[in-house]
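Undergrad: Just dropping this structure here.
Numbering (our numbering), first residue to last: 56 to 221.
Here it is, written out as structure tokens:
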């Protein structure tokens, strides 16, 4: 017995149903193929995880987004803000590694927005990690498309030297 989907897939061919069943089965497989998630889908999942406070799934989905190579500002921004809000410096470094990997892979075609870098610096300041902050700030200055504001620079230097005790 043929399925409705097979009839719909075969209908446009004008072939007799008996002759088209094999060809339709192949097309139905293509129709049924799962579409891979893009950044928008991942961002919606990340937002849902934040809403229900399922941080383990949040981290897993972010890792999946980076592994698939679809993480950009819309996906990295919420991850950085999560780290800042929940003071999670370990995951924060993982997020930044994903950002740097993506920026390097795309060779200048994409860079994280300055606002997200500012949030990342704020997370390092909140978790009292001046060395990681210095490394991130140096990365920002190396990238010609990122121009941190003078106030951000002054705040960062004040934080860095205050945390070192100089």
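All C-beta atoms, glycine included, are put in the ideal place defined by N, C-alpha and C.
These numbers come from a predicted model, not from an experiment.
Put residue 135 into one of helix, strand or coil per three-state DSSP.
TA: The answer is helix: DSSP assigns residue 135 an H, G or I state.
Undergrad: Run through DSSP, which three-state label would residue 157 get?
TA: Here residue 157 sits in helix by DSSP.
Undergrad: Here's the rule: buried if 16 or more other CB atoms are within 10 angstroms of the residue's CB, otherwise exposed. What is residue 188?
TA: Buried: at least 16 other Cβ atoms inside 10 Å.
Undergrad: Identify, in the order they occur along the chain, each residue of the same chain with its Cβ nearer than 8 angstroms to the Cβ of residue 191, setting aside the five sequence neighbours on each side.
TA: If we look at residue 191 and ignore the five residues flanking it on each side, its Cβ neighbours are 151, 172, 175, 176, 179.
Undergrad: Measure the alpha-carbon distance for residue 121 versus residue 153 and round it to whole angstroms.
TA: One C-alpha to the other measures close to 6 angstroms.
Undergrad: Would you mind sorting residue 146 into buried or exposed? The rule is 16 or more other CB atoms within 10 Å of its CB.
TA: Residue 146 should be labelled buried.
Undergrad: Do you know whose CA, among 167, 193, 115, lies nearest residue 127's CA?
TA: Cα-wise, what sits closest to residue 127 is 167.
Undergrad: Using CA atoms only, rank isn't needed, just tell me which of 161, 137, 155, 118 is closest to residue 108.
TA: Looking at the Cα atoms, 137 is the closest of the given residues.
Undergrad: In three-state DSSP terms, what is residue 191?
TA: Looking at residue 191 - three-state DSSP - the assignment turns out to be helix.
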